[in-house]
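Residue numbers (the working numbering), protein chains in the order written: chain A, 1087 to 1361; chain B, 164 to 493. Backbone N, C-alpha and C fix where the C-beta goes; we use that ideal spot for every residue, glycine too.
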Amino acid sequence: MGKYSNEELQQKSVKYRLAMLKYIKMAKAGHTGGDLSSTDILNVLYNDVLNVSPANFGDPNRDRYIQSKGHAVEALYVVLADQGFYPETDLETMCKYKSPYVGHPTRKVNGIEFNTGGLGHGLSICAGLALAAKKDKAPYRVFTLIGDGELAEGSNWEAGMMASHYELDNLVAVLDHNTLQITGKNADVCNPHPIDEKWKAFGWQVVTVNGHNIAELREILNNTPIEKGKPTFVIANTIKGKGVSFMEGEKKWHHGVPTDEEYETAIKELESELI
Amino acid sequence: MNIKDILITGKANLQAYCDTLLELAADDPNIIAVTSDSRESGKLTPFADKYPNQIVEVGIAEQNLVGVSAGLASTGKKVFTTSPGCFLATRSLEQVKNDVAYSDYPVNLIGISAGVSYGALGSTHHSLHDVAALRAINNMTIVVPADNFETKEAIKAAAVSPKPFYIKIGKKNMPHLHAENETFIIGKASTILEGADVAFIACGETVYPTVEAAQLLNKEGISARVISMHTIKPLDADVIIKAAKECKAFISVEEHSINGGLGEACASVILEAGLSVPFKRMGIPDEETVAGSQTEILEHYGISASGLSDEAKRLIKQLKHLTNEKYELK
């Protein structure tokens, strides 16, 4: 058991969701649906799994997290602020003129390793990082968060093939599988299924979890590699817009910004979950 | 340097690159070559044999090639990503833009067999667009070395630079245009020959035919300045402005499309400096490239001793016409 109980982490997720909605509302921009679907994964990674903090960010042996689905940056910004990388109030400038907190991750923001946002980039970068760790016999692990719509990018499969070839078992890809992308359901846009069998065929150890179950995420993400010599692909089944009932499972919230009324409703609903 | 000193043939710039990488790796375990099934065409087999832990093969997958390279570079590795220029520069352009340049990790992209080095293989294998594409990307240094010396110095500079590089090299044996003890600075052009009637601003493997053209012109009493503009970005504007002011005609020469390459870069500098000079971009025009060997293709488009000297004389005549003055050649 780490620093926090499951209940404490669940409460953190509620606070993160409240904060990201606040800053999305202020910025009048954000990828709300994917922020909310990936919140619990980021929460568990930063609070329970990654050996990453403001104090060790220059340490070559820190774990690496590269967010391939860069558009869910509001979730990452809020979690990094909570880790102490910068004051959360910095996010009041998000998407504003000359702010470093733009709509996709950049290294101008403390705690961010790579500038991402073009889809299908994270896994290759992570394969390079994981390979460097193997060559240097360094202890760090490498994590990426991939969107399910993003799986259509061929570069993921190039990297997937290579990662298993080099037996990069220090590499973990988490799929935020909320089943929706900007146009609609993944299966209708360009069917990525069967996702598990494809990654197994590419030589990965594949595991499926409930991406909103803190205990399940902790159990899996703290125990990789599942099989020595294989990278791990975690299919985290999630709900787009998770935590705000009228946003859940609705594609329009991919980058929807709530109206004043919707915002009040969403905040009340989330606040009711606070203990 | 005197023209008579130039005729000693060296090796291919590609070979100079690989030899330099071997030298660097002897003292530095952080030197890593990353290849896309390109170690043989990149002459990196001796490197792979000697330093098997310092070469990474990703297979024929250029997007992954560059992404992996960025990941490696972010840990402090000195990464030399080696792949044919035609594929490296633009098959993986978004990775170059985001993972390397925008993320600011010092990956050294080595575009081999560049330009029309693969001549007869056809346009799929020509890289006549790489400089144009990469010039538009912030934080990329672009070097097109002319000879073995410039290649070696560019590779050494890239190895210690904290910034990304694209270095474009061919595979033809190149004459030596520099003495081994000359100074080489990224962003500072090299003057190969002094002259005042016409200025040739060239890069890469086209510098040598420019020197040959200067020899022909010399016999006719026309003095030609030959500049090796090995660094396309950042561009040495001072040398361009000086040439535009001092010479009667200005000719850019490159193994690249005339669109977006060295010539247009020079033209921008000249115009923004408020100067005017009879000017010609010599390169590959905007048409389906003619079939042939590298030499045949370059000659077809006037990049040869006779083609370039003829162009110089035409421009000088144009100047006489424009100024309506009797212009006496020295």
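Exercise for the section: Could you please give me the residues that DSSP links to A:D1262 through a beta bridge? Expected result: Within the first sequence, the letter at position 176 stands for residue 1262 of chain A. Paired residues: A:G1233 and A:A1322.
Practice task
Within 10 angstroms of the Cβ of B:D401, are there 16 or more other Cβ atoms? Answer buried if so, exposed if not.
Solution key: By 1-based counting over the second sequence, the position of residue 401 of chain B is 238. Exposed.
Handout entry: Rounded straight-line distance, which links the Cα of A:L1261 to that of A:M1106
Key = Counted from its first residue, the first sequence places residue 1106 of chain A at position 20. Counted from its first residue, the first sequence places residue 1261 of chain A at position 175. Cα-Cα distance, rounded: 21 Å.
Exercise for the section: Locate the beta strand (DSSP E) running through A:Y1151, then write down its first and last residues. Expected result: One-based indexing of the first sequence puts residue 1151 of chain A at position 65. R1150 to Q1153 is the extent of the beta strand (DSSP E) around A:Y1151.
Handout entry: With 16 other Cβ atoms within 10 Å as the buried cut-off, status of A:L1360
Key = Position 274 of the first sequence, counted from the first residue, corresponds to residue 1360 of chain A. Burial call: exposed.
Exercise for the section: Starting from B:D310, find everything on chain A with Cβ-Cβ shorter than 8 Å and list it in chain order. Expected result: Here residue 310 of chain B refers to the residue found at position 147 of the second sequence. What B:D310 touches in chain A: nothing, since even the nearest Cβ is about 33 Å away.
Handout entry: Counted within 10 angstroms of its Cβ, other Cβ atoms place A:T1345 as buried (16 or more) or exposed
Key = As a position in the first sequence, residue 1345 of chain A is number 259, starting the count at 1. That one is exposed.
Exercise for the section: Classify B:L492 as buried or exposed, calling it buried when 16 or more other Cβ atoms lie within 10 Å of its own Cβ. Expected result: The sequence position of residue 492 of chain B within the second sequence is 329, counting from 1. Legend: pLDDT at B:L492 = 47, less than 50; position of this residue unreliable, no value from coordinates given.
Problem - CB of A:L1217 within 8 Å of CB of A:Y1172, strictly - result: Position 131 of the first sequence, counting from 1, holds the residue named residue 1217 of chain A. Position 86 of the first sequence, counting from 1, holds the residue named residue 1172 of chain A. No, these two residues do not count as a Cβ contact at 8 Å.
Practice task
Give the C-beta separation of B:P247 and B:H288 to the nearest angstrom, bearing in mind that I take them to be a contact with Cβ-Cβ under 8 Å.
Solution key: Indexing the second sequence from 1 puts residue 247 of chain B at position 84. Indexing the second sequence from 1 puts residue 288 of chain B at position 125. Here B:P247 really is in contact with B:H288; their C-beta atoms are around 7 Å apart, less than 8 Å.
Exercise for the section: Identify which residue in B:A189, B:A299, B:K480 and B:E357 has its Cα closest to the Cα of B:E257. Expected result: In the second sequence, the residue the question calls residue 257 of chain B occupies position 94. Answer by Cα proximity: B:A299.
Handout entry: Element boundaries [alpha helix (DSSP H), containing A:G1304]
Key = As a position in the first sequence, residue 1304 of chain A is number 218, starting the count at 1. Before going on, a small fix: residue 1304 of chain A reads as Arg here, not Gly. In the DSSP annotation of this structure, the continuous segment of the alpha helix (DSSP H) that includes A:R1304 starts and ends at I1300 to L1307.
Practice task
Could you have a look at B:I263 and say whether DSSP puts it in helix, strand or coil?
Solution key: Residue 263 of chain B sits at position 100 when you count from the first residue of the second sequence. Note on identity: in this sequence residue 263 of chain B is Val, with Ile being the wrong assignment. Here B:V263 sits in helix by DSSP.
Problem - Nearest candidate by alpha-carbon position, reference B:H339, set B:I318, B:T314, B:V221 and B:I349 - result: On the second sequence, residue 339 of chain B is found 176 positions in, with the first residue counted as 1. The option with the nearest alpha carbon to B:H339 is B:T314.
Problem - Contiguous alpha helix (DSSP H) assignments of at least 4 residues, all confined to the stretch 164-206 of chain B - result: 176-190
Handout entry: Continuous beta strand (DSSP E) stretch holding B:A352: start and end
Key = On the second sequence, position 189 is the one that residue 352 of chain B refers to. Unbroken run through B:A352: none, as it is neither H nor E.
Handout entry: Given B:K260 as reference, the closest of B:M303, B:K240, B:V370 and B:T458 once Cα atoms are compared
Key = Translated into positions along the second sequence, residue 260 of chain B becomes position 97. Taking only the C-alpha atoms, the option nearest B:K260 is B:M303.
Exercise for the section: Could you name the residues of chain B that A:C1381 contacts, counting a contact when the two beta carbons are closer than 7 Å? Expected result: There is no way to answer for residue 1381 of chain A, as the model of chain A reaches only from 1087 to 1361.
Exercise for the section: Apply the 10 Å Cβ neighbour rule to B:D262 and answer buried if 16 or more other Cβ atoms are within range, or exposed otherwise. Expected result: Indexing the second sequence from 1 puts residue 262 of chain B at position 99. The residue in question, B:D262, is buried, as its Cβ has 16 or more Cβ neighbours within 10 Å.
Handout entry: Beta carbon of A:G1297 nearer than 8 Å to that of A:I1127
Key = Within the first sequence, residue 1297 of chain A is the residue found at index 211, counting from 1. Within the first sequence, residue 1127 of chain A is the residue found at index 41, counting from 1. Between A:G1297 and A:I1127, the C-beta spacing is below 8 Å.
Handout entry: Simplified DSSP state of A:M1106, which is helix, strand or coil
Key = As a working mapping, residue 1106 of chain A is identified with position 20 in the first sequence. Looking at A:M1106 - three-state DSSP - the assignment turns out to be helix.
Exercise for the section: Using a Cβ cut-off of 8 Å (strictly closer), state whether A:F1332 contacts chain B. Expected result: Taking the first residue of the first sequence as 1, we reach residue 1332 of chain A at position 246. It does not: the Cβ of A:F1332 has no partner Cβ on chain B nearer than 8 Å.
Handout entry: Cα-Cα separation, A:G1240 to A:S1210
Key = The count along the first sequence starts at 1 and reaches residue 1240 of chain A at position 154. The count along the first sequence starts at 1 and reaches residue 1210 of chain A at position 124. Distance between the alpha carbons of A:G1240 and A:S1210: 11 Å.
Problem - Inter-residue CB distance, B:E451 and B:S286 (contact presumed, cutoff 8 Å) - result: On the second sequence, residue 451 of chain B is found 288 positions in, with the first residue counted as 1. On the second sequence, residue 286 of chain B is found 123 positions in, with the first residue counted as 1. At roughly 7 Å, the Cβ-Cβ gap stays under 8 Å, so B:E451 and B:S286 are in contact.
Practice task
Anything in the stretch 1129-1156 of chain A with a Cβ closer than 7 Å to a Cβ of chain B? List those residues in chain order, please.
Solution key: P1146
Problem - Contact set between A:A1245 and chain B, taken where Cβ atoms lie within less than 7 Å - result: By one-based count along the first sequence, residue 1245 of chain A stands at place 159. Those within 7 Å of A:A1245 in chain B are N227 and G230.
Handout entry: Positions along the stretch 1187-1207 of chain A whose CB lies within less than 9 Å of some CB in chain B
Key = T1192, R1193, E1199, F1200, N1201, T1202, G1203, G1204, G1206 and H1207
Practice task
Return the chain-ordered list of same chain residues with a C-beta closer than 6 Å to the C-beta of A:A1167, the five sequence neighbours on each side being excluded.
Solution key: One-based indexing of the first sequence puts residue 1167 of chain A at position 81. These residues qualify, in order along the chain: E1174.
Problem - Cβ neighbours of A:L1165 in the same chain (closer than 7 Å, five flanking residues each side left out) - result: Residue mapping note: residue 1165 of chain A aligns to position 79 of the first sequence, counting from 1. In the sequence on display, residue 1165 of chain A carries Val and not Leu. Correct list, in chain order: Y1102, L1128, N1129 and Y1132.
Handout entry: Same chain only: Cβ atoms within 7 Å of A:L1231, ignoring 5 sequence neighbours per side
Key = Taking the first residue of the first sequence as position 1, residue 1231 of chain A is located at position 145. S1124, I1127, Q1153, S1154, K1155, V1260 and D1262, listed in sequence order.
Exercise for the section: Decide yes or no for the touch test of the stretch 386-399 of chain B against the stretch 353-365 of chain B: beta carbon pairs closer than 8 Å, at least 3 of them. Expected result: yes
Problem - B:H419, enclosing beta strand (DSSP E) - first and last residue - result: To locate residue 419 of chain B, count along the second sequence from 1; it is residue 256. That run of the beta strand (DSSP E) goes A412 to S420.
Handout entry: Beta-bridge pairing of B:E390 - partner residues as DSSP gives them
Key = Taking the second sequence and counting its residues from 1, one reaches residue 390 of chain B at position 227. Before going on, a small fix: residue 390 of chain B reads as Ile here, not Glu. Answer is B:T354 and B:I364.
Handout entry: CB contact below 8 Å: B:E343 versus chain A
Key = As a first step, residue 343 of chain B must be located in the second sequence, where it is residue number 180. Contact with chain A is absent for B:E343, since none of that chain's Cβ atoms lies less than 8 Å from the residue's Cβ.
Handout entry: Closest residue to A:F1332 among A:E1302, A:K1284 and A:E1347 (Cα-Cα distance)
Key = Locating residue 1332 of chain A in the first sequence gives position 246, where the first residue counts as 1. Of A:E1302, A:K1284 and A:E1347, the residue nearest in Cα terms is A:E1347.
Exercise for the section: For B:L434, count neighbouring C-beta atoms within 10 Å of its own C-beta (all shown protein chains included) and say buried if the count is 16 or more, exposed if not. Expected result: Start at 1 with the first residue of the second sequence, and residue 434 of chain B comes out as number 271. With fewer than 16 Cβ atoms within 10 Å of its Cβ, B:L434 is classed as exposed.
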